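Novice: Here our numbering = 1-based position in the sequence shown + 22. A virtual CB, placed ideally from N, CA and C, is assigned to each residue, including glycine. Since the model is a prediction, treat every value here as computed from it, not as a measurement.
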Amino acid sequence: MTDEYDLERFVTAQAEAYDDAIDILRRGAMCTPYMDFIFPRLGDEGGDESFYALSSLDEARAYLDFAPLGGRYRESVETLFRLVQTSARAVFGEVDAAKLHASLTLFAEASNEVLLRSVLITWFDNMVDEDTIVRINRDA
Numbered sequence: 023m024t025d026e027y028d029l030e031r032f033v034t035a036q037a038e039a040y041d042d043a044i045d046i047l048r049r050g051a052m053c054t055p056y057m058d059f060i061f062p063r064l065g066d067e068g069g070d071e072s073f074y075a076l077s078s079l080d081e082a083r084a085y086l087d088f089a090p091l092g093g094r095y096r097e098s099v100e101t102l103f104r105l106v107q108t109s110a111r112a113v114f115g116e117v118d119a120a121k122l123h124a125s126l127t128l129f130a131e132a133s134n135e136v137l138l139r140s141v142l143i144t145w146f147d148n149m150v151d152e153d154t155i156v157r158i159n160r161d162a
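Structural data, given as structure tokens:
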């Protein structure tokens, strides 16, 4: 498999940090520096893009298909189900909860997986991130 999107940048970032990030998440919190490479989302339209911003729905699909990234993303999302007694804002804070919402929306649209849709239902009242949907539709 060729790495058309340089997904190795995520593998490299996660190599040192993923175990710590998932342990923190299991305890009901999340560390802001990990958000961009654990729960990636589309880049900002204003050009202020993170090194870990995804460029398209196709790149999100490739991310889910790229080992070990897809497995880690799903593991992180599954961990959210164990935190149903709390809210995205309580775990992530206001800004990172919005990033999570954008990430879940992107990957739910990219894969149509029940797991990802279920987290949107549970944590975001089945509401998608409208900005992400607009960007996906415009880029289609």
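Leaving out five residues before and five after L137 in sequence, what residues of the same chain have Cβ atoms less than 8 Å from its Cβ?
Specialist: Contacts found: R96, V99, E100.
Novice: Could you give the residue range of the alpha helix (DSSP H) that holds R18?
Specialist: This structure cannot speak to residue 18, because the chain is shown only from 23 to 162.
Novice: Between R139, A35, L128, which lies nearest to L76 when the distance is taken from Cα to Cα?
Specialist: Comparing Cα positions, the closest option is L128.
Novice: Report the three-state DSSP secondary structure of L29 (helix, strand or coil).
Specialist: L29 falls in the coil class under three-state DSSP.
Novice: Classify D28: buried if its beta carbon has 16 or more other beta carbons within 10 angstroms, exposed otherwise.
Specialist: Classification of D28: exposed, given that the 10 Å Cβ count is below 16.
Novice: Residues in its own chain within less than 6 Å of R83 by CB, not counting five upstream and five downstream?
Specialist: Cβ neighbours of R83 beyond the five flanking positions: A132.
Novice: Name the residue from T144, V150, G115 whose alpha carbon lies nearest to the alpha carbon of R104.
Specialist: Cα-wise, what sits closest to R104 is T144.
Novice: At what residues does the alpha helix (DSSP H) containing T144 begin and finish?
Specialist: Looking at the DSSP string, the run of the alpha helix (DSSP H) that includes T144 is 136–146.
Novice: Taking the straight line between their C-alpha atoms, what separation do you get for G92 and V141?
Specialist: Going from the Cα of G92 to the Cα of V141 covers about 16 Å.
Novice: E39 to C53, Cα distance in whole Å?
Specialist: Correcting the residue identity first, residue 39 is Ala in this sequence and not Glu. So the two alpha carbons sit approximately 10 Å from each other.
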